[in-house]
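Inspection log for the structure reproduced underneath, given as structure tokens.
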Amino acid sequence: MIKNYDQLSSLEIDTLREIGSIGTGNAATALSQMLGKEVRITMPEVRIMGYNEAIEWIGGPEAVTAGVLVKMSGDVGGIMLSVQKLDLVNFILETMLGQGIQGYEELAELEQSALIEIGNIMISAFVTALSGLAGVNINLTVPAFAVDMQGAILAVPMAEYGGMSDYLMTVGGNFVSNGQEIPSHLLLSPDLRSLEFLMRKLGVSDG
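Each residue of the sequence shown is one higher than the one before, starting from 63 at the first, in this note's numbering.
Below you can see the structure in the form of structure tokens.
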């Protein structure tokens with residue numbers, strides 16, 4: 063039985079990396095279709111890291127950012143977060159609405175709706191890839207949207223799941239469109255029961 067992420071074998075970690083790579087490829091394709099322009103993603107960096115390390119990885123606890131968060135249930139429980147920094151926000155808004163913003167305080171309802179829609183599509187595409195690879199059923203909640211310091215955005219979901227896991231699977235890559243590179247960050251935190259179940263379904267765990 064997996065008690066924490068430290069017990070994952072190199073094969074299990076490689077499998078998670080493959081999920082991350084295929085999932086982000088799906089997310090880029092979905093983003094491309096939604097925006098009506100070619101969007102591809104560089105080879106993503108997939109890592110398992112602790113909660114505090116993950117926050118540093120996306121810019122530190124006090125960096126203000128937007129986040130689209132969904133909870134997963136069904137065969138796999140946990141959370142998934144799309145971190146939307148200003149360069150990604152402006153890429154989305156300029157493409158969809160024709161103009162970007164200088165700061166998050168300028169986000170009105172229309173802009174927020176566009177960001178939620180894109181975040182939800184990217185997360186759904188990632189989870190669809192995961193479901194297909196593992197042959198599991200994953201349900202997603204309606205996405206929640208927040209603009210806050212990154213430490214605060216992650217505090218609520220991690221408080222809920224932190225008792226089960228203090229680790230996150232982080233997926234980082236750059237979306238590339240018209241020669242422009244836009245950093246993308248996705249955080250996935252399945253609870254440990256779900257992680258073990260996934261590994262069994264993927265045939266890389268004896269548990």
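Heads up, the beta-carbon is just placed ideally off N, CA and C, and yes, glycines get one too.
As assigned by DSSP and simplified to three states, the class of Ile244: Numbered from its first residue, the sequence shown carries residue 244 at position 182. Strand.
Unbroken stretches of the beta strand (DSSP E), 3 residues or longer, contained in the region 122-197: 126-136 and 140-146
Simplified DSSP assignment, three categories, for Val218: As a working note, residue 218 is residue 156 in the sequence shown. The answer is helix: DSSP assigns Val218 an H, G or I state.
Gly82 in three-state terms, based on DSSP: Stepping through the sequence shown from its first residue, residue 82 is reached at position 20. In this structure, Gly82 counts as helix in the three-state DSSP scheme.
Coil, strand or helix - Asn199 by DSSP: The residue labelled residue 199 in the question sits at position 137 within the sequence shown. Correct three-state label for Asn199: coil.
Reference Ile103; option with closest CA among Ala191, Leu131 and Gly85: The count along the sequence shown starts at 1 and reaches residue 103 at position 41. Out of Ala191, Leu131 and Gly85, Gly85 has the C-alpha closest to the C-alpha of Ile103.
CA-to-CA distance, Ala221 to Glu156, given in whole angstroms: The residue given as residue 156 occupies position 94 in the sequence shown. The residue given as residue 221 occupies position 159 in the sequence shown. Looking at the two C-alpha atoms, the distance is approximately 35 angstroms.
Cα-Cα separation between Phe237 and Pro245, rounded to whole angstroms: Start at 1 with the first residue of the sequence shown, and residue 237 comes out as number 175. Start at 1 with the first residue of the sequence shown, and residue 245 comes out as number 183. Cα-Cα distance, rounded: 6 angstroms.
Three-state secondary structure (DSSP) of Leu260: The residue given as residue 260 occupies position 198 in the sequence shown. Correct three-state label for Leu260: helix.
Length of the line joining the Cα atoms of Leu177 and Gly162: Translated into positions along the sequence shown, residue 177 becomes position 115. Translated into positions along the sequence shown, residue 162 becomes position 100. Looking at the two C-alpha atoms, the distance is approximately 12 angstroms.
Stretch-stretch touch, CB-based, cutoff 8 angstroms, three pairs: the region 239-253 with the region 146-156: yes
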